[in-house]
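The sequence shown maps to residues 0 to 481 in numbering that gives the first Met the number 0.
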Amino acid sequence: MRHDRSFSIPVLLLGCLGLCGCGSNAGTAARLDAAVDAKQPTPDTNVATPDTNVVTPDTSIVSPDTSAASQDTGAAPETGTALDTGAALDTGAGALDTGATALDGGGVTTSIRGIAAVHSDYQSSAVSLLDRDGNVVKDGCINSGTGSPGLSMTLSGDVVLPSQIAASSAIALVDRGNSTLTWIDPTTCAPLRQLAVGTGFKANPHDYVELSATKAYVTRYEKNSAAGAVAFDSGNDLLIVDPSQPKIMGRVDLTPFAPTGVLPRADRAVLANGKVFVALNASDAKYGANATGRIVMVDPTLDQVTSTIDLPGTKNCGAMAYVAASEKLLVACTGDYGDTNQAAGSAVVALNLGVTPPVIVGQVAASAVRGLIFSNSSVAALDGNSALAVTMGDFSNTPPDSLWLLPQDSTAPSKIFSSTEAYSLGAVLVDAERNRVFVTDGTTLTPPLVRVFTRVSGAFQATATVNTNPTQKLPARGLAWF
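Shown next, in the form of C-alpha cells:
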C-alpha cells in the first residue's frame, strides 16, 4: 500500500502522495483491505511484482500536440495538547520565501504563474490550472481521457506533482501508475513531451526535481528483481533525465545508502542549498517493516550521494518543505504501519541545512497532537516560526483527517480544520505574502473541494471553498505552484 498517500502526494497521493498512502491507528493491521483502497490513493505496499516479460520501453520523444486541449466557515482553531518542549520545532526566525511572487528552490528563483491541481478517484485523473487566488482558469486541462499525438500513454489514476516549482515553463506530471513523465504547456494545456521512466518494470516514480533545462532527477520507488534486460532498469534510484529531449541519461543508485535490511523506497525530493535531499521510506521487500527515517543528500554536480542523515525516533518519512530564509528542511514521517504503536514513529522533523553536516533542530512528535499520526504526504512551512501538517483519522472517520499548526516554540499545536472523513486531506500549499493556505479535501461525505484559509492576527479563517474540477467532478488531491 502506498504509505505516503501522496496526493501526493503528495504526496499521491502525493501522492505523497505525492503524490502521494493511507494511515492506521495503533492496533490496526498493516495491510488495509481493498474496500479502503477504493477511496485512497493507489497504495505502494501493493505495488505489483516487476514483470519480467515486458518489452523495452519507448523513451523517445514524441511530437507535441499544439492544440489546446461558496464560502465555508470551517472549524474554529482548537488548541491541542501541550508540545513536548524537549523537541520543539525550530524553523528559524526568517520569513519563509515561498514565492508568492517567487520561490527559492535552492538557488533558482522562479516567478509563480499559478497553481496546478491534480484530481483523482484512483481510477482516472484530471489536472486543472488555477490562478494565485485559487480561481479555476482551466478546468480539466488534461485528463485520463485526453489523447493526442503528443501522448503515447494517457494519464493513470495515480498522478502527482513535483514537490518544488520548476524553472521551465512546462508543468511536469509524475504518473506513478504508468511510470511516465508528461510535460504540459500551461498556456494551451497541450502535451509537450512524454518519457517512460519504467525501463521495463513498474518503477513507481514519486517525484521530479528540475535542476536545469537539460537535467532533472526522478525518484524511483521500486526495485526491478529482473534487472539487466535494458539500460537503467535496476530501480531503487534517482533517474537522471534530460527533460528537453526527453531522454534518460543515467542513474544514481540509492541501494547502498538504505538502512540495513530494507530497500531505499525513494519518495519525495527537494533542491536546497545546491544539493538534492531525498526522503527514504526505507521499508523491506515485502513492505512489512520500516527502518529509522533517513534522508540522503546528493551532489547534483557529481551525481553522487555525499551523506545520509538519520532521523531517530521516526519511520516512513516522505514529504519535505524547504524554508530558504532560515535554511531549514521540514520532513513529515508517518511511522511504521506494521507497528501496533505507529504513532511512536510519527513526527515532523526540522533540519538545519546551514551547517555541515545538517543537524536536527526540532521535532514535533505525534504525542503533541493527541497521539494522532502525521501524514507523510503533506508538510508546509507557514513562516519562519511555524509549520503546517496533516494528521490522519481512522476508518470510522472519528477522528477524521485534520490540519494542524505546529509552532516552533513551547506553544501547543492547534487544530485549524477537520474534514468529515479520514484519508481525505491531501496537499497543503502556502502563499506567505498573502497569508493564505490552500488545502485539498477529497472527502466523499461532502462535496470534495480545495479549501482556502486566511491568517488574520494569528488566527485562521475559512475564506473560500473551490470546486477545481467541475467537469470531471474528481476530488482534488495535489497542489503545486507553477
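Beta carbons: idealized from backbone N, C-alpha and C, even for Gly.
None of these values were measured; they are calculated from a predicted model.
Exposed or buried, residue i, counting other C-beta atoms within 10 Å across all chains shown (16 or more means buried)?
i: P255; result: exposed
i: T100; result: With a pLDDT of only 43 at T100, under the threshold of 50, the placement of this residue in the model should not be trusted; the figure read from the coordinates follows. Exposed: under 16 other Cβ atoms inside 10 Å.
i: T470; result: exposed
i: V208; result: buried
i: L473; result: buried
i: A125; result: buried
i: G337; result: buried
i: N134; result: exposed
i: P56; result: Residue placement at P56 cannot be trusted, given a pLDDT of 37 that sits under 50; what the coordinates show is reported in the next sentence. Buried, since its Cβ has 16 or more Cβ neighbours within 10 Å.
i: L301; result: exposed
i: R293; result: buried
i: A268; result: buried
i: L478; result: buried
i: V465; result: buried
i: R433; result: exposed
i: V136; result: exposed
i: S143; result: buried
i: K285; result: exposed
i: S456; result: exposed
i: S401; result: buried
i: G146; result: exposed
i: G249; result: exposed
i: V363; result: buried
Which same chain residues, not among the five before or five after residue i, have their C-beta less than 7 Å away from its C-beta?
i: R112; result: P185 and F481
i: A388; result: A331, V347, F373, S377, V378, W403 and L405
i: A271; result: G105, Y321, L328 and L352
Cutting at 6 Å between CB atoms, please list the residues of its own chain near residue i, excluding the five before and the five after it.
i: P406; result: S385
i: T442; result: S418, T419, E420 and S423
i: D283; result: V261
i: M152; result: N177 and T179
i: T198; result: P56, V229, F231 and D232
i: A475; result: A116, H118, T439, V449 and T467
i: S123; result: S143 and G156
i: V436; result: V429 and F452
i: V173; result: V159, P204 and Y207
Could you pull out every residue in the same chain whose Cβ sits closer than 8 Å to the Cβ of residue i, ignoring the five residues on either side in sequence?
i: V297; result: Y216, L237, V251, K274, V275, F276, V277, Q303, V304 and T305
i: L444; result: N396, T419 and E420
i: G493; result: Given that the chain is displayed from residue 0 to residue 481, the structure contains no residue 493 and the question cannot be resolved.
List the DSSP bridge partners of residue i.
i: I294; result: A278 and I308
i: E209; result: A215
i: F452; result: V436 and A461
i: S366; result: S366 is not bridged to any residue.
i: Q401; result: First, the amino acid is wrong: residue 401 is Ser here, not Gln. Answer is T390 and S417.
i: A349; result: L329 and G361
i: A479; result: A115
i: N396; result: Note: N396 sits in no beta bridge, so no partner.
i: N289; result: S282
i: P204; result: R219
i: S385; result: D382 and P406
i: V303; result: It is worth fixing the name first, because residue 303 is Gln in this sequence and not Val. Bridge partners of Q303: D298.
For the beta strand (DSSP E) containing residue i, name the first residue and the last one.
i: Q163; result: From DSSP, Q163 is part of no beta strand (DSSP E); its letter is neither H nor E.
i: S124; result: S124 to L129
i: A463; result: A458 to V465
i: A174; result: Residue identity differs from the one stated: residue 174 is Asp in this sequence, not Ala. Element bounds for D174: I170 to D174.
i: T317; result: The question names Thr, but residue 317 is Gly in the sequence shown. Run containing G317: C316 to V322, per the beta strand (DSSP E) assignment.
i: C485; result: Since the first and last residues shown for the chain are 0 and 481, residue 485 lies out of range.
i: F373; result: I372 to D382
i: K472; result: Premise fails: K472 is in no beta strand (DSSP E) and is neither H nor E.
i: P191; result: Looking at the sequence itself, residue 191 is Leu, so the reference to Pro does not match. Taken as a continuous stretch (DSSP letters only), the beta strand (DSSP E) holding L191 covers P190 to A195.
i: G139; result: V135 to N142
i: S119; result: I114 to S119
i: T181; result: T179 to I183
In chain order, what are the residue ranges of uninterrupted beta strand (DSSP E) at least 3 long that sit wholly in the segment 211-279? Here the runs fully enclosed are 214-222, 234-241, 246-252, 265-271 and 274-279.
To test your reading of the DSSP string, which unbroken beta strand (DSSP E) runs of 3 or more residues are found completely within the segment 406-441? Segments of the beta strand (DSSP E) lying fully in the segment 406-441: 413-417, 424-430 and 435-440.
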